[in-house]
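*Asks:* The structure under discussion is supplied below as structure tokens; questions concerning it will follow.
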Amino acid sequence: MVTGRSEEASGRIRLGMVGGGNDAFIGGVHRIAARLDDKFELVAGALSSTPEKSIESGQALGLERVYEDFKQMAIREARLKSGIEAVSIVTPNHVHYAAAREFLKRGIHVICDKPLTSTLADAKKLVKAAESANALFILTHNYTGYPMVRQAREMVANGDIGKIRVVQVEYPQDWLTEQQDFKQAEWRTDPERSGAGGSTGDIGTHAYNLACFVTGLKAESLAADLQAFVPGRKVDDNAHVLLRFEGGARGMLWSSQVAPGNENALRLRVYGEKGGLEWSQEDPNYLWFTPYNEPKRLITRNGAGAGDPANRLSRVPPGHPEGYLEGFANIYGEAAEAIQAFRNGTSPDASVVYPTVRDGLNGVKFVAACVQSSSKNAAWVKLE
Numbered sequence: 001m002v003t004g005r006s007e008e009a010s011g012r013i014r015l016g017m018v019g020g021g022n023d024a025f026i027g028g029v030h031r032i033a034a035r036l037d038d039k040f041e042l043v044a045g046a047l048s049s050t051p052e053k054s055i056e057s058g059q060a061l062g063l064e065r066v067y068e069d070f071k072q073m074a075i076r077e078a079r080l081k082s083g084i085e086a087v088s089i090v091t092p093n094h095v096h097y098a099a100a101r102e103f104l105k106r107g108i109h110v111i112c113d114k115p116l117t118s119t120l121a122d123a124k125k126l127v128k129a130a131e132s133a134n135a136l137f138i139l140t141h142n143y144t145g146y147p148m149v150r151q152a153r154e155m156v157a158n159g160d161i162g163k164i165r166v167v168q169v170e171y172p173q174d175w176l177t178e179q180q181d182f183k184q185a186e187w188r189t190d191p192e193r194s195g196a197g198g199s200t201g202d203i204g205t206h207a208y209n210l211a212c213f214v215t216g217l218k219a220e221s222l223a224a225d226l227q228a229f230v231p232g233r234k235v236d237d238n239a240h241v242l243l244r245f246e247g248g249a250r251g252m253l254w255s256s257q258v259a260p261g262n263e264n265a266l267r268l269r270v271y272g273e274k275g276g277l278e279w280s281q282e283d284p285n286y287l288w289f290t291p292y293n294e295p296k297r298l299i300t301r302n303g304a305g306a307g308d309p310a311n312r313l314s315r316v317p318p319g320h321p322e323g324y325l326e327g328f329a330n331i332y333g334e335a336a337e338a339i340q341a342f343r344n345g346t347s348p349d350a351s352v353v354y355p356t357v358r359d360g361l362n363g364v365k366f367v368a369a370c371v372q373s374s375s376k377n378a379a380w381v382k383l384e
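Sequence positions in the sequence shown follow UniProt numbering and run 1 to 384.
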């Protein structure tokens with residue numbers, strides 16, 4: 001492997017950010033996640049679609065270098081001896097491809113928010129760009145960073161629940177129950193910026209990725225019934241999806257942003273021939289395991305019964321809750337391990353796991369198939 005710049009493997013990774021200005025929620029989350037384990041240092045950014053806001057946001061964050069746009073940033077940083085080694089892309093979906101391409105082709109690692117892109121065509125082009133680049137691509141499906149999700153994945157792989165029969169995953173929210181006009185709602189319900197999927201792209205991709213990550217299964221086909229319940233909304237705000245997996249397992253996925261009483265109620269249940277697993281994002285430190293015909297067993301984060309894949313991502317003793325920010329930081333931690341190995345021309349330890357550009361492509365394929373199926377009265381559609 002040909003490495004990038006020659007820093008010591010233990011040094012902080014110089015990080016840039018595209019998007020994530022003053023009024024962007026997810027930008028702040030990425031910055032916290034990147035700093036939690038002290039492996040990154042944010043030094044540069046193009047933080048907004050307008051030069052004025054970008055400069056204002058960069059000054060507020062005390063960045064060394066602030067740029068008016070991401071292309072200018074990519075060109076300049078690649079030329080600097082102490083330029084960024086990695087960039088976080090936290091823009092609306094329609095910018096992901098163009099921004100990622102500029103950094104990848106200059107050998108700068110990309111850490112990109114999900115979904116991968118707003119269109120399937122761009123997703124396929126980004127896969128080619130990432131796989132031909134001398135740089136890594138990490139997608140922040142942050143729920144894969146939760147320790148008890150890693151525990152569930154290990155137990156499935158070890159055969160603790162036997163051959164999988166049924167997968168049920170849901171992600172309901174209520175924040176778009178009525179028409180909203182603030183920034184986050186505006187772009188997430190605009191197909192020009194979010195893509196053709198609304199709830200399917202925003203949170204359905206999280207649910208789909210989680211189901212596939214834990215089970216190791218690949219979906220073959222789906223039948224989707226999408227709705228836009230709020231008058232005038234151009235993308236779905238509710239989706240019911242049936243899934244057929246390779247090997248015969250069946251699944252159901254529900255994503256909704258119009259379900260009053262739900263905040264971020266991501267939940268996964270997996271049932272096999274020998275038992276079942278249940279995990280809830282709003283109570284993430286616990287995993288329920290039920291061997292068939294036996295009492296339910298509670299496995300706690302960093303507690304009795306938790307295995308190495310879960311424990312290596314746990315920071316504090318059991319009973320002290322870890323959640324969203326720590327799970328997000330675990331993805332950045334995995335990215336740091338991979339980038340530091342890249343510096344040395346080696347591969348990271350086999351325990352290092354993070355969502356890749358291929359996982360992102362699968363998510364965009366899921367959204368495209370849902371839209372296609374729903375347009376055909378929920379007909380079954382094969383996933384490419």
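Note that the Cβ used here is the ideal one computed from N, Cα and C, for glycine as well.
1) Pull up the distance between the alpha-carbon of Gly-232 and that of Gln-179, whole angstroms please.
2) Only counting the same chain, and skipping five residues up and downstream in sequence, which positions put a Cβ closer than 8 Å to that of Ile-32?
3) Just to confirm before moving on: does the CB-CB distance between Gly-275 and Pro-295 stay below 9 Å?
4) With DSSP as the reference, label Asp-225 as helix, strand or coil.
5) Are the beta-carbon atoms of Trp-254 and Val-169 separated by less than 9 Å?
6) In whole angstroms, what separates the C-alpha of Pro-318 from that of Arg-312?
7) Of the residues Glu-246, Ile-331, Ala-368, Asp-359, which one's Cα is nearest the Cα of Asn-142?
8) For Met-73 versus Val-90, is the C-beta distance shorter than 9 Å?
9) Taking all protein chains shown into account, do 16 or more other C-beta atoms lie within 10 angstroms of the C-beta of Thr-346, making it buried, or fewer, making it exposed?
10) Is it true that the CB of Val-66 sits closer than 9 Å to the CB of Leu-80?
11) Drop a sphere of 10 angstroms on the beta-carbon of Val-316, count the other beta-carbons inside from all chains shown, and report buried for 16 or more, exposed for fewer.
12) Hey, is the region 352 to 371 in contact with the region 113 to 123, meaning 3+ C-beta pairs nearer than 8 Å?
13) Which term fits Asn-377, buried or exposed, when burial requires 16 or more other beta carbons within 10 angstroms of its beta carbon?
14) Short of 6 Å in beta carbon distance, which residues of its chain neighbour Glu-334, apart from the five on each side in sequence? Order them along the chain.
15) For Leu-242 and Phe-137, what's the separation of their Cα atoms in angstroms?
16) By DSSP's criteria, Thr-140 is part of a beta bridge. Which residues make up the other side?
17) Evaluate Leu-210 with the Cβ neighbour count: other Cβ atoms within 10 Å of its Cβ, from every protein chain shown; 16 or more gives buried, anything less gives exposed.
18) So Arg-153 and Pro-309 are in contact, right, with Cβ under 8 Å, and what is the actual spacing, rounded?
19) Going by other Cβ atoms of all chains shown within 10 Å of its Cβ, with 16 needed for buried, is Arg-297 buried or exposed?
20) For Asn-264, tell me which candidate among Ala-135, Met-148, Ile-203 has the shortest Cα-Cα distance.
21) Taking the runs of the beta strand (DSSP E) that are 3 residues or longer, which of them lie wholly in the region 55 to 117?
22) Mapping the DSSP letters down to three states, classify Val-149 as helix, strand or coil.
23) Do Val-235 and Ala-228 have their C-beta atoms closer together than 9 Å?
24) Between Pro-172 and Ser-256, what straight-line distance do the alpha-carbon atoms span, to the nearest angstrom?
25) Secondary structure at Ile-26, three-state DSSP: helix, strand or coil?
26) Between the Cα of Thr-205 and those of Ile-75, Pro-115, Ala-99, spot the shortest distance and give me the residue it belongs to.
*Replies:* Answer, in terms of the structure:
1) 9 Å
2) Leu-325, Phe-328, Ala-329
3) no
4) strand
5) yes
6) Going from the Cα of Pro-318 to the Cα of Arg-312 covers about 13 Å.
7) Ile-331
8) For Met-73 and Val-90, no; Cβs fall outside 9 Å.
9) Around the beta-carbon of Thr-346, fewer than 16 other beta-carbon atoms lie within 10 Å, marking it exposed.
10) no
11) exposed
12) yes
13) exposed
14) Val-352, Tyr-354
15) Rounded to the nearest angstrom, the two C-alpha atoms are 30 Å apart.
16) Its beta-bridge partners do not exist; DSSP assigns none.
17) buried
18) 7 Å
19) exposed
20) Ile-203
21) Here the runs fully enclosed are 86 to 89, 109 to 112.
22) In the structure shown, Val-149 adopts helical secondary structure according to DSSP, grouped into three states.
23) yes
24) 5 Å
25) In the displayed model, Ile-26 falls within a helix according to three-state DSSP.
26) Pro-115
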